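K.L.:
With the numbering used here, the residue at position 57 of the sequence shown is 57, and numbering never jumps.
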Amino acid sequence: MDTKRCAVDGWVDAIPAPGPRGTATFDLIVRPADADTLPEDAPDTVVSCTTAATGIVHELLHGIQPGDLLRVTGTLLQPSVPSEPARLTVDALEVLDTALIPVLGEMVLDRYGDYIVIFGANTDKVPVFTAGGQWVGLADNPDAITRLIDIHERVHGGDA
């Protein structure tokens, strides 16, 4: 297997997942620089990424969502079997662009660090949960979300 140091720009394919021993894994969809000259049905390249860097793992698991454009730097391991994806061990991550907020009918989910909020089209009140699904409270309006989160963190010692 051949390895080399490189930087790769690509879109996050799915929600990054926790891995063994404090790691995180995710796939990047990478398009070549000359994508405009390729046939429309040309496949994109998938790069399987993993990292054990604490700060990067935290960002991946709490701040990155599908569709975010990232630049990752690390050691690329070319597979010995051509049908397998390349693997990149990430030691640096930069968010180049964030994905649009997904709209689910008349409801929008958004992330505030370790918290999830739900915006409804017919109400100003905003339910707030931890990323783990624990109920935090109901903010009276979108401007009150950070106040509610601050109170929750003071009461619970920052455990989201």
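Don't be surprised by glycine CBs; every beta carbon is placed ideally from N, CA and C. Note that the structure is a prediction, hence the values are computed from the model and not measured.
Do A139 and V155 have their C-beta atoms closer together than 9 Å?
P.N.:
In this structure, V155 does not lie closer than 9 Å to A139 by Cβ.
K.L.:
Which complete alpha helix (DSSP H) runs does the segment 88 to 153 hold, if anything under 4 residues is left out?
P.N.:
The segment 88 to 153 contains no whole alpha helix (DSSP H) run of 4 or more residues.
K.L.:
Would you list the one or two residues that DSSP bridges to I29?
P.N.:
In the DSSP output, where bridge partners are listed per residue, I29 has W11, V46.
K.L.:
For G67, which three-state DSSP category applies?
P.N.:
Note: G67 maps to coil in three-state DSSP.
K.L.:
Just mark A24 as buried or exposed, buried being the case when its beta carbon has 16 or more other beta carbons within 10 Å.
P.N.:
Its Cβ being crowded by 16 or more others within 10 Å, A24 is buried.
K.L.:
Grouping DSSP H, G and I as helix and E and B as strand, with all else coil, what is T23?
P.N.:
Looking at T23 - three-state DSSP - the assignment turns out to be coil, as it is neither helix nor strand.
K.L.:
Would you call the segment 74 to 84 and the segment 36 to 44 in contact, with 3 or more CB pairs under 8 Å?
P.N.:
The answer is no - the segment 36 to 44 does not touch the segment 74 to 84, with fewer than three Cβ pairs under 8 Å.
K.L.:
Take V90 and list the residues in its own chain whose beta-carbon comes closer than 8 Å to its own, dropping the five residues that flank it on each side.
P.N.:
Closer than 8 Å at the Cβ level, and outside the excluded window around V90, lie C49, T50, T51, A53, I56, V72, T73, G74.
K.L.:
By Cβ distance, which residues of its chain are closer than 6 Å to A17, with the 5 residues on each side in sequence left out?
P.N.:
The residues are T25.
K.L.:
Give me the Cα-Cα distance between D150 and V136, rounded to the nearest whole angstrom.
P.N.:
Looking at the two C-alpha atoms, the distance is approximately 11 Å.
K.L.:
Hey, would you say L88 sits closer than 9 Å to D9, going by beta carbons?
P.N.:
No.
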